[in-house]
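Below is one structure, written out as structure tokens; the observations come after it.
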Amino acid sequence: MINKDLKVAVLGAGAMGCLFGGLLAEKGLNIILIDIWKEHVEAINKNGLKMDGHGG
70 MINKDLKVAV LGAGAMGCLF GGLLAEKGLN IILIDIWKEH VEAINKNGLK
120 MDGHGG
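Residues in the sequence shown are numbered from 70 upward in steps of one, following the numbering used here.
What follows is the structure, encoded as structure tokens:
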């Protein structure tokens, strides 16, 4: 059973951070992505994070 009140921070919102953060969010966890690249963070905040798949 997953504690959906748990907040999880993922350091780095690149390809892998977004993948793992997105997968955890799909399971209902409250995810916070943290990154130092301002433009990347603004784009995710504005447009959201879309996952088409994770098969490679």
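We treat Cβ as the ideally placed atom computed from N, Cα and C, and that holds for glycine. Source: prediction; values computed, not measured.
Drop a sphere of 10 angstroms on the beta-carbon of residue i, count the other beta-carbons inside from all chains shown, and report buried for 16 or more, exposed for fewer.
i, result
"Leu92", "exposed"
"Val79", "buried"
"Ile105", "exposed"
Whose CA, out of the options, lies closest to the CA of residue i?
i, options, result
"Ala112", "Lys73, Gly97, Ile100 and Gly83", "Gly83"
"Met120", "Lys76, Ile71, Cys87 and Glu108", "Cys87"
"Met85", "Asn114, Lys115, Lys107 and Leu102", "Leu102"
"Gly122", "Lys107, Glu95 and Lys115", "Glu95"
Contact defined as beta carbons within less than 8 Å: I believe residue i pairs with residue j. What is the distance between those atoms, to the nearest angstrom?
i, j, result
"Gly97", "Lys73", "5 Å"
For residue i, which beta-bridge partners are listed by DSSP?
i, result
"Lys76", "Asn99"
For the ligand HEM, is there a heavy atom less than 6 Å away from the beta-carbon of residue i?
i, result
"Asp104", "The model on display carries no ligand, and the ligand HEM is accordingly not part of it."
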